[in-house]
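Counting from 1 along the sequence shown, just add 1 to a position and that's the residue number in my numbering.
No residue lacks a Cβ here, since even glycine has one placed at the ideal position from N, Cα and C.
In what follows, a single structure is set out as structure tokens and then discussed.
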Amino acid sequence: MATRAADLLTLTPQGLYCPAGDFHVDPTRPVPRALVTHGHSDHARSGHGHVLATAETLAIMAVRYGEDFAAGTQEAVLGEVMRIGDVTVTFVPAGHVLGSAQIVIEQGKCRLVVSGDYKRGRDPTCLPYEPVRCDVFITEATFGLPVFRHPDAREETDKLIESARLFPERTHIVGAYALGKAQRVMALLREAGYDRPIYLHGAMERLTAFYKEHGIPLGETPRVLPEQRAKLAGEIVICPPSAIQEIWARKFPDPVAAFASGWMRVRARARQKGVELPLVISDHCDWDDLCRSILETGAEEVWVTHGQEDALVHWCLSQGIKARPLHLLGYGDEEGDLQTDGLPEPAAEVPSPSWGGPSRSEAEGRGGGRDEIARDPHPLPQIGPSGTRTKGGTPPTPGPSPRGGGEP
Ligand SMILES: [Zn+2]
Ligand SMILES: [Zn+2]
């Protein structure tokens, strides 16, 4: 089985390639035929000959790159089995962003799932992840260390609403990625009953309009006009992560810099970015969800594309699952900064006690023992303007950002 799977999907300089179907999946360089899991720029690139993706992903690519992003396109309908060459291909929801899909590739009795990016946490803006039984599961491991535990995203948006209520004289400026994260934060705010306008930096406008056109209710989301900024005390503004440190943000009344990212679990990362209100909201699985998802697929073998590959591979082996890292380059920047950039920090700050993922039974029941697993010995302080208010004091100093940290 293992050799067959390795024949079904191989590694090329452009990324994962299926010789029997003559296509690449999420290629990082132009190829004749690409299957694309979702619209983030590290997976969906322009310049391919032909792209097969969900209608939403194709539309997102058109919004970002222009209508001529590929010579030809074809819509993949979720759940529909398509024959390509000597294999069949099915797109299945991945729960990551609007239109995101896992790609199931089958030949004979061998089934591989390329999950792309996926998550299990609540997201009102896209279809939830669906586990698919398979022989080989191909997964990312952006947050593949036991220290990464994402809280319920709703608790994080509650924190934001509460902070805005407590400090009506300040503007809350939330850094969030333009595709997916920004709209998820808005949707979660609406679910929590927040009914004031949510103001947008110009860079968030197009994709937010796109989400609304696709039936995601986000309420009133006006664009911030430059002369308006000084008058937005008490309001919430969503902007690209890079903008929270820019002069643009300083024109708001006593701004509270917030950042919605899984990386906000790492205190040093929040400090480095000058973030006063870190919001741990990720569109990727945390450690427990990675482990749980792998077990739910029943895969005998796991390939880890990028991120914390070694830790996840080690855990798979401990569970009797064959595993190997693929060390794919070119993925992983949509969460902000390339994940490797922060590695020394969590490793140094948070020694991970054994690779304590849930055991098979625990993961399946998602019960007990969860809190014992790799509890963060240095939890983030209860962060909020109440504790770290800087008005009249020294503002947090934004540290250097070695890799820029902007949206790719
Ligand atoms: Zn992504
Ligand atoms: Zn990605």
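Query	Result
Three-pair Cβ contact test at 8 Å for the segment 40-52 versus the segment 68-88	yes
Simplified DSSP assignment, three categories, for ILE61	helix
Given 8 Å, three or more beta-carbon pairs between the segment 261-277 and the segment 194-203	no
Own chain residues within Cβ distance below 6 Å of SER283, not counting five before or after	HIS151 and GLY263
The beta strand (DSSP E) enclosing ALA200, as first and last residue numbers	The question names Ala, but residue 200 in the sequence shown is Tyr. Per DSSP, TYR200 belongs to the beta strand (DSSP E) from 199-201.
GLY220 versus ALA210, ALA250, ASP287 and ASP153, residue with shortest Cα-Cα distance	ALA210
Cut-off 7 Å between Cβ atoms - residues of its own chain near VAL37, not counting five sequence neighbours on either side	ASP27, HIS44, ALA45, VAL52, ALA54 and THR58
Contacts around PRO94, its chain only, beta-carbon distance under 8 Å, and the 5 residues preceding and following it disregarded	LEU79, SER101, ALA102, GLN103, CYS127, LEU128, PRO129, TYR130 and GLU131
Beta carbon of PRO169 nearer than 8 Å to that of ALA234	yes
Span of the beta strand (DSSP E), counted from its first residue to its last, around ILE104	102-108
Beta-carbon spacing of VAL115, ILE139 below 8 Å	yes
heavy atom of ligand 2 below 7 Å from GLY41 C-beta	Note that residue 41 corresponds to His in the displayed sequence, not to Gly. Yes, the beta carbon of HIS41 sits closer than 7 Å to at least one heavy atom of ligand 2.
Per-residue burial, LEU12 [other beta carbons within 10 Å of its own, 16 or more giving buried]	exposed
Beta carbon of PRO413 nearer than 8 Å to that of ALA179	For residue 413 there is no data in the structure shown, the boundaries of the chain being 2 and 409.
VAL82, buried or exposed, once every other Cβ within 10 Å from all chains shown has been counted against 16	exposed
beta-carbon ASP118 near ligand 1 non-hydrogen atom, thresh 7 Å	yes
Coil, strand or helix - GLN75 by DSSP	strand
Distance between beta carbons of HIS39 and ASP118, contact taken as under 8 Å	6 Å
Paired residues, beta bridge with VAL93 - DSSP	GLN103
GLU310 beta carbon less than 8 Å from that of ASP136	no
Nearest-angstrom beta carbon gap, VAL98 and HIS41 [assumed within contact, 8 Å]	7 Å
Burial state of PRO14, where buried means 16 or more other Cβ atoms lie within 10 Å	exposed
Nearest neighbour of GLU277, chosen from PRO256, LEU296 and ARG65 [CA to CA]	PRO256
Supposed close pair ILE237, ILE295 - CB separation, criterion 8 Å	Wrong, their Cβ atoms sit about 37 Å apart, outside the cutoff.
Distance between VAL64 and LYS213 (C-alpha atoms, nearest Å)	14 Å
Element boundaries [alpha helix (DSSP H), containing GLU141]	GLU141 -> not in any alpha helix (DSSP H); beta strand (DSSP E) instead, spanning 137-142.
7 Å CB neighbourhood of ASP124 in its chain, flanking five on each side removed	GLY96 and ARG185
Local conformation of CYS1 per DSSP, three classes	Absent from the model: residue 1. The displayed extent of the chain is 2 to 409, so no value can be given.
Cross-strand partners of PHE253 (DSSP beta bridge)	Paired residues: none, contrary to the question.
GLY337, buried or exposed, once every other Cβ within 10 Å from all chains shown has been counted against 16	Because the pLDDT at GLY337 is just 44, under 50, the model does not fix this residue reliably, and the value given afterwards should be weighed accordingly. It is buried - the Cβ of GLY337 has at least 16 other Cβ atoms within 10 Å.
Rounded distance between the beta-carbons of GLY86 and GLY22, thought under 8 Å	4 Å
Endpoints, alpha helix (DSSP H) assigned at ARG166	154-167
Cut-off 6 Å between Cβ atoms - residues of its own chain near THR91, not counting five sequence neighbours on either side	VAL82 and VAL105
6 Å CB neighbourhood of ASP290 in its chain, flanking five on each side removed	ARG121
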